[in-house]
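J.: First the structure, then my questions, so here it is.
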Amino acid sequence: MSAVSWICSLRIKVSPFLAVRWASSTTTETFAVGGSLYLAGLAQVDMPHIGLILAIDDKVGMLAHVKYTDNAWVYEYRKERIMPSMTLTSLRLVHDSSKPGAATIVSKELDDFCKTIEVPSASATGQCGVWIGQVLQGLVDKGAIAAPASGVKALLSEFATWAKGNRSFATRSKYPNIMV
39 MSAVSWICSL
49 RIKVSPFLAV
59 RWASSTTTET
69 FAVGGSLYLA
79 GLAQVDMPHI
89 GLILAIDDKV
99 GMLAHVKYTD
109 NAWVYEYRKE
119 RIMPSMTLTS
129 LRLVHDSSKP
139 GAATIVSKEL
149 DDFCKTIEVP
159 SASATGQCGV
169 WIGQVLQGLV
179 DKGAIAAPAS
189 GVKALLSEFA
199 TWAKGNRSFA
209 TRSKYPNIMV
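Quick note on this note's numbering: the sequence shown kicks off at 39 and runs consecutively.
Below, the structure is given as structure tokens:
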């Protein structure tokens, strides 16, 4: 029985895309790893809100994102519960700090770097993913994280599509769906 068939036979609600990732991945990570950086999908009415979470441990992390409030986009860096969470539905590993030779991402340095990325103009909506793309590209350019094999834009597009299907994970009783 293939790994994908086995995962699907468990009758657990697992995205087919995630099952393929698990089957082809060398890691069996099912919880966030402290010190690692993740794309984060948070439940919204239509498309998921996208941010970055620097995991402190498997239950809490620091969320870097822009949010639209009072007719303007503003940057925010704050503690975010990973479990339990009514809004966090998806995590996609972008930097694994547990790998040998992986650079350590320091919370204050991530916050300081994010502050250097221009916040979107107030006239645009749905700009959180665009801003996260600029942050990721900047982290790649400065050597803090490895470049995604498919490129930053393709990674974000893939993530947004996958995260949109994870709405059922917006509950206190489920850990966010994780893609490694």
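In this text, a Cβ means the ideal position worked out from N, Cα and C, and glycines have one as well. Note that this is a predicted model, so its numbers are computed, not measured.
Suppose contacts are defined by Cβ-Cβ distances below 9 Å. Is leucine 92 in contact with tyrosine 106 by that definition?
T.: For the pair leucine 92 and tyrosine 106, the CB atoms are not nearer than the 9 Å cut-off.
J.: In the DSSP assignment, the beta strand (DSSP E) including serine 128 goes from what residue to what residue?
T.: 126 to 133
J.: Whose CA, out of His103, Arg119, Gln175, Ala187, lies closest to the CA of lysine 153?
T.: His103
J.: Quick check: the stretch 133 to 141 against the stretch 196 to 208, are there 3 or more CB pairs under 8 Å?
T.: no
J.: Can you check which of these residues, Lys97, Leu194, Ser74, is closest to proline 138 by C-alpha distance?
T.: Ser74
J.: If I measure Cβ to Cβ from glycine 72 and keep anything under 7 Å in the same chain, skipping five residues before and after, which residues do I get?
T.: The answer, listed in chain order, is Ala93, Ile94, Asp95.
J.: When we look at the beta-carbon of methionine 217 and count the other beta-carbons within 10 Å, is it buried (16 or more) or exposed?
T.: Per the 10 Å Cβ criterion, buried.
J.: So which of Trp111, Gly176, Ala81 has the shortest CA-CA distance to leucine 129?
T.: Ala81
J.: Taking tyrosine 115 and methionine 100 to be in contact with their CB atoms under 8 Å, please state how far apart those CB atoms are, rounded to whole angstroms.
T.: 6 Å
J.: Taking only the alpha-carbon atoms, compute the straight-line gap between aspartate 179 and alanine 78 and give it to the nearest angstrom.
T.: Cα to Cα, the separation comes out at about 21 Å.
J.: On the premise that valine 98 lies in contact with lysine 117, defined as a C-beta separation below 8 Å, what is that separation, rounded to the nearest angstrom?
T.: Between the beta-carbon of lysine 117 and that of valine 98 there is about 6 Å, and that keeps the pair under the 8 Å contact cut.
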